[in-house]
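Before any comments, here is the structure.
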Amino acid sequence: MRSLELFAGIGGIALAEQMAGIEVAGLCEYADYPRAILQKHWPDVPLFKDVTKLDREELTNAGISPDSIDIVSGGFPCQPFSIAGHRRGTEDDRDLWPEMFRIIKQIWPTWVVGENVANFANMELDRTLFDLEGAGYQARAFVLPACAVNAPHQRLRTFIVAHADSKRWICLEKGKQDGRDWEPAPWTNAQEGQTSCWINARHILASGARVLASTSRRIPRNDDGISEGLDRLKALGNAVVPQQILPIFKAIVQIEEADQWSQK
1 MRSLELFAGI GGIALAEQMA GIEVAGLCEY ADYPRAILQK HWPDVPLFKD
51 VTKLDREELT NAGISPDSID IVSGGFPCQP FSIAGHRRGT EDDRDLWPEM
101 FRIIKQIWPT WVVGENVANF ANMELDRTLF DLEGAGYQAR AFVLPACAVN
151 APHQRLRTFI VAHADSKRWI CLEKGKQDGR DWEPAPWTNA QEGQTSCWIN
201 ARHILASGAR VLASTSRRIP RNDDGISEGL DRLKALGNAV VPQQILPIFK
251 AIVQIEEADQ WSQK
């Protein structure tokens, strides 16, 4: 399977895809610091800058066949839906879901995986699911915390998973059927590594030890300008914990493998 990741940041989603055995065919990121990180870790993968200009022609010119893309993924900008971003929603010019949806309609991948802040579920989730279902996808949405994979913070994130063929929602039928009437499912407990039939969970509780990084920092005697650490912190704040989204891609791979096996 091959993926195109939009709003790639420092590559948290791309790394999760790679960990699940999915080939990262293309990346798109506008900010300079994250682009440098992506170029370091994926030097051979075409890296696009402006999502508003990305289309089938640009992909083809970069050596990527649009029809070879199985997954379009991306954490479209969360600022319009976050508390820090004043939650202006679709009135915010940073709302780039329409651009991601435009690319989805051009490429028509089998799978779509989106990510946003937890508050997105209370603001614009209906619009996103309505768009996807109107285009012929069957979509599911749910919220997972990073602490489910032993991260030392809660970091709730809304994840959207959509498929172009509803027949392939094999074990996921326990989830809410109509995205426009979506509501949170109850809490559940899960052991690390479980990926089957997890769509009906709103939160997965973590187990195991947590490791906290040292808070000590060296304070320089002289001012040498704006610290690169600010770019790092901003990039980390926008990033997705790879292990947090990894079960989604593992489940996608399992479903595709099961489908291929059933056709033999």
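First residue of the sequence shown: 1, per full-length UniProt numbering; consecutive thereafter.
The C-beta atom is built at its ideal place from N, Cα and C for all residues, glycine as well.
Fair warning: this is a prediction, and the values are worked out from it, not measured in the lab.
For residue i, write down the residues that DSSP places opposite it in a beta bridge.
i, result
"LEU6", "GLY74"
"GLN244", "Per DSSP, none; premise fails for GLN244."
"TRP111", "ILE71 and HIS163"
"LEU144", "ARG157"
"GLN138", "HIS163"
"PHE48", "CYS28"
"ASN116", "THR158"
I need the straight-line Cα distance from residue i to residue j, nearest angstrom please.
i, j, result
"LEU54", "PRO145", "31 Å"
"GLU192", "ALA20", "A caution first: GLU192 carries a pLDDT of 40, below 50, which makes its placement in the model unreliable, though a value can still be read off. Cα-Cα distance, rounded: 15 Å."
"PRO184", "ASN61", "Because the pLDDT of PRO184 is 38, which lies under 50, any placement of that residue in the model is unreliable, and the number read from its coordinates should be weighed accordingly. Computed Cα separation, rounded: 42 Å."
"residue 332", "GLN243", "An answer regarding residue 332 cannot be provided, because it is not within the stretch 1 to 264 covered by the chain."
"TRP261", "THR110", "17 Å"
"ILE245", "LYS105", "23 Å"
"LYS250", "PHE130", "25 Å"
"residue 272", "LEU96", "One cannot answer for residue 272 here, as it falls past the ends of the chain, which runs 1 to 264."
"VAL149", "VAL241", "9 Å"
"ASN119", "CYS147", "17 Å"
"GLY229", "LEU132", "38 Å"
"PHE7", "ASP165", "25 Å"
"ALA162", "PHE101", "12 Å"
"GLU18", "LEU59", "For the record, residue 18 in the displayed sequence is Gln; it is not Glu. Cα to Cα, GLN18 sits roughly 20 Å from LEU59."
"ILE107", "MET1", "15 Å"
"SER3", "GLU29", "15 Å"
"PHE76", "ALA31", "13 Å"
"ALA135", "ASP126", "14 Å"
"ILE204", "GLN263", "Its pLDDT being 37, under 50, ILE204 is placed unreliably in this model, and the value from its coordinates should be taken loosely. ILE204 and GLN263: Cα-Cα distance of roughly 33 Å."
Which first and last residues belong to the alpha helix (DSSP H) in which residue i is found?
i, result
"ASN12", "For clarity, residue 12 is Gly in the given sequence; the question names Asn instead. Unbroken alpha helix (DSSP H) run through GLY12: 12-19."
"LEU129", "125-134"
"GLU58", "56-61"
"LEU38", "32-41"
If the criterion is Cβ atoms closer than 8 Å, does the pair residue i and residue j meet it?
i, j, result
"ALA235", "GLY9", "yes"
"ILE248", "PHE159", "yes"
"GLY114", "GLU5", "no"
"LEU27", "LEU38", "yes"
"VAL51", "VAL24", "no"
"ARG56", "LEU47", "no"
"ALA239", "GLY12", "yes"
Starting from residue i, follow the beta strand (DSSP E) in both directions and report where the run begins and ends.
i, result
"LEU96", "That residue, LEU96, is in no beta strand (DSSP E); it is neither H nor E in DSSP."
"VAL24", "23-28"
Using 8 Å as the limit for Cβ to Cβ distance, is residue i near chain C?
i, result
"LYS53", "This model lacks chain C altogether; it includes just one protein chain."
Inset, instruction - Report yes or no: do three or more beta-carbon pairs, one from the stretch 56-71 and one from the stretch 132-141, lie closer than 8 Å? - result: no
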